[in-house]
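The listed protein sequences correspond, in order, to chains A and B. Going left to right, the first sequence walks through residues 175 to 433 as my numbering numbers them. Going left to right, the second sequence walks through residues 21 to 231 as my numbering numbers them. Quick reminder that beta carbons are idealized off the backbone N, C-alpha and C, glycines included. Accompanying notes for the structure given below.
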Amino acid sequence: MLSKRIIPCLDVRDGKLTKGIRFRNNIDIGDPVEAAREYYEQGADEIVFYDITASSDRRDIMIDVVRRVAETIFIPFSVGGGIRTVDDMREVIMAGAEKISINTEAVLRPPLISEGAKAFGSQCIVLGMDVKKVPVHGKTPSGYEVVTHGGRTYTGIDALRWAKEAEDLGAGEICLNSIDADGTQGGYEIELTHLISTNVHIPVISSGGAGKPEHLLDVLTRGKADAALIASIVHYRTYTIYEIKSYLKRHGVTTRMIW
Amino acid sequence: MIGIIDYRAGNVTSVVRALNHLGESCRISDDPMILAQSSHIIFPGVGAAGEAMANLRRTHLDKWIIEWALAEKPILGICLGTQIIFDYSEENDVQCLGLIPGVVKRFSANLTHGGSDLKIPHMGWNYVEFRKTHPVFRGLPEGSEFYFVHSYYPIPAQSDLIIGITDYGTSFCAALAYKNVVAVQFHPEKSGRPGLTILSNFCRWGGQDAE
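If you want it as structure tokens, here you go:
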């Protein structure tokens, strides 16, 4: 059967990791290519890069990172951040990324999803969604609202409605980030993940809140996520990917154990 | 020199990168004259069968691939490239190359596993159970998984061509071999070390299926 995917997420600014990552030899790595290599060797099933470079005229730095990553690791990886047009997507895909992740750009202009899916296939287009829990009311009947700018801007869009609309527009996958859980290391937003994952027909990657292997078990079973995004839990060497996968295996979740 | 067939079917540069990593020289081309200088041919592809077949016909690569295969030179199909070597694909209702007897079908919409509906496309890592030995699949660690992205799967008319089987709510042919033809539904170029092993084996393979 299809394995559940464990996906480390790396934030990149001006071609460097925004926070150093500590590895088994206790050395801080600031180079995204080296970090990608480490996680590839540790058994990551996929890697997500978010380019948070502020200035768009420095895009070529990220393209160079993508090209070097593609020459180094032989698993799929996606790239998000600042991708506004099909031409932006093409540049990243030709540099070697398997998938493109679009978030705020898609909220501002939903047809970007269908344009990307038409040009490269749905399997290339990941919709990133930042979501916050809100009171259930007219505009947000699911009790979850899509937010942008790290949670500072409310869009008035219901999260479930947006997920379904993105699927209809041709998104091949959803990366669902709970702003409430993000950075807490207190566990994923299970209720939100379950809501979205059981109401769309495309895979859902749950993001935000991973602090220990139990959290991944919970979101991959009760939350019905197809994949789990991880950051601090591995960046700070609290656990290795292998330790997380071994824990999941002991608890009956199928993950890729040979690489 | 490994020839990679370019028929405008998605991004094939990841295959090139994997071969470069393995130290194999390769060339992407849609020109039969250039491809004919190869020792081995890789037929990759991501996309839809209808447009892919139209592009192959336009460049006359459809006939050339058959000639290459009948000359008993090694050829490796990957994903869409694998599907197109069959007679027919349900995707876009299109006649394909007919190199291997069989058809390509879409995963049924009501596949389930453990009480949950399975999503389509089948995307991610899955186990391939190898039922026969073959030089191209030699040296893979037991339990190896491979990266898949597809909504359609091949059904060879002769089940004895099936080398590897994968389960996604239904068992399907993930790898097959016939004489000098080897074809996989997964992406070896995105499947980590086990995938690289397959590509490396293929580049050293003479085209005979006997061990």
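- Span separating the alpha-carbon of residue 128 of chain A from that of residue 348 of chain A: The structure shown does not extend to residue 128 of chain A, since chain A is modelled only from 175 through 433, so no value can be given for it.
- Task: Check each residue of the segment 145-168 of chain B: if its Cβ is closer than 7 Å to any Cβ of chain A, include it; give the result in chain order.
- Result: Along the segment 145-168 of chain B, the positions whose C-beta sits under 7 Å from a C-beta of chain A are 145, 146, 161, 163, 164, 165, 167, read in chain order.
- Determine the DSSP secondary structure at residue 210 of chain A, reduced to helix, strand or coil. When DSSP states are grouped into helix, strand and coil, residue 210 of chain A belongs to the helix group.
- Query: In whole angstroms, what is the alpha-carbon distance linking residue 398 of chain A and residue 368 of chain A?
  - Reply: The alpha-carbon separation between residue 398 of chain A and residue 368 of chain A amounts to approximately 6 Å.
- Give a yes or no on contact between the segment 56-65 of chain B and the segment 187-197 of chain B, applying the rule of three or more CB pairs nearer than 8 Å. As far as the Cβ criterion goes, the segment 56-65 of chain B does not touch the segment 187-197 of chain B, which means the pair count is below three.
- Query: In or out: residue 87 of chain B buried (at least 16 other Cβ within 10 Å) or exposed?
  - Reply: A residue is called buried when at least 16 other Cβ atoms come within 10 angstroms of its Cβ; residue 87 of chain B does not meet this threshold and is exposed.
- Query: Along chain A, which residues have their Cβ under 9 Å away from the Cβ of residue 100 of chain B?
  - Reply: The contact set of residue 100 of chain B on chain A, defined by CB atoms closer than 9 Å, is empty, because the minimum CB distance reaches about 10 Å.
- In the DSSP assignment, what residue or residues form a beta bridge with residue 58 of chain B? Residue pairing from DSSP leaves residue 58 of chain B without any beta-bridge partner.
- Item | Interface residues of chain B facing residue 377 of chain A [CB-CB closer than 9 Å] | Neighbours of residue 377 of chain A in chain B, taken as residues whose beta carbon is under 9 Å from its own, are 139, 141, 143, 144 in chain order.
- Check whether the Cβ of residue 387 of chain A lies closer than 8 Å to any Cβ atom in chain B. The beta carbon of residue 387 of chain A does not come within 8 Å of any beta carbon belonging to chain B, so the residue lies off that interface.
- Message: Assuming residue 24 of chain B is part of the alpha helix (DSSP H), what are its boundary residues?
- Response: Looking at the DSSP string, residue 24 of chain B is not in any alpha helix (DSSP H); the run it does join, the beta strand (DSSP E), is 22-25.
- Message: When you compare the CB of residue 38 of chain B with every CB in chain A, is at least one pair closer than 8 Å?
- Response: Judged by the 8 Å Cβ criterion, residue 38 of chain B is in contact with chain A.
- Query: Using a Cβ cut-off of 9 Å, which residues of the segment 295-320 of chain A contact any Cβ in chain B, in chain order?
  - Reply: Against chain B - using a Cβ distance shorter than 9 Å - the residues of the segment 295-320 of chain A are 295, 296, 297, 298.
- Message: Let's test the definition: count the other Cβ atoms within 10 Å of the Cβ of residue 175 of chain B and tell me whether it reaches 16, buried, or not, exposed.
- Response: Result: exposed.
- Task: Would you mind sorting residue 148 of chain A into buried or exposed? The rule is 16 or more other CB atoms within 10 Å of its CB.
- Result: Past the boundaries of the shown model lies residue 148 of chain A; chain A is included only from 175 to 433, so the question cannot be answered.
- CB contact check: residue 209 of chain B to chain A, cutoff 8 Å: Any Cβ of chain A closer than 8 Å to the Cβ of residue 209 of chain B would place that residue at the interface, and such an atom is present.
- Item | CA-to-CA distance, residue 204 of chain A to residue 240 of chain A, given in whole angstroms | Cα-Cα distance, rounded: 15 Å.
- 8 Å Cβ cut-off: residues of chain B touching residue 219 of chain A: Neighbours of residue 219 of chain A on chain B, chain order: 144, 145.
- In or out: residue 163 of chain B buried (at least 16 other Cβ within 10 Å) or exposed? Exposed is the label assigned to residue 163 of chain B, since fewer than 16 other Cβ atoms lie within 10 Å of its Cβ.
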